[in-house]
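Q: In mature numbering (1 follows the signal peptide of the UniProt record, and there is no 0), the protein residues as written are -19 to -1, 1 to 81. Think of the CB as a built atom: it goes at the ideal place given N, C-alpha and C, for glycine as much as any other residue. Please read these numbers as outputs of a predicted model, since none were measured by experiment.
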């Protein structure tokens, strides 16, 4: 195995992990495009939201510059929080992706 590609990959991975972070109150929302398809119009009509029944989950926000939010300053550490095993995203209008 060639060591140089592995080294380049590791450096790129480290750089992406150490990317820029911003405060949670500096995140600007994305502009909402005009809905065209039926699924997009339905999504706008019903405004789906993520509901977390108890505690908190650590989903970071991302802005247009691909900067992520840093940690929120809590008062009781991680009490009441759970892990975020996977993120949610919208798939409306993307070919090949079926909703469940």
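The alpha helix (DSSP H) with residue 25 in it runs from where to where?
A: By 1-based counting over the chain shown, the position of residue 25 is 44. From DSSP, the alpha helix (DSSP H) with residue 25 extends over 19 to 27.
Q: Would you list the residues sitting across from residue 3 in a DSSP beta bridge?
A: In the chain shown, residue 3 corresponds to position 22, counting from 1. Paired residue(s): 50.
Q: Does the distance from the CB of residue 44 to the CB of residue 9 come in under 8 Å?
A: For the purposes of this step, residue 44 is identified with residue 63 of the chain shown, where counting begins at 1. For the purposes of this step, residue 9 is identified with residue 28 of the chain shown, where counting begins at 1. Going by C-beta atoms, residue 44 is nearer than 8 Å to residue 9.
Q: Cβ atoms of residue 12 and residue 48: under 8 Å apart, would you say?
A: If you number the chain shown from 1, residue 48 lands on position 67. If you number the chain shown from 1, residue 12 lands on position 31. Not in contact: residue 48 and residue 12 (Cβ atoms no closer than 8 Å).
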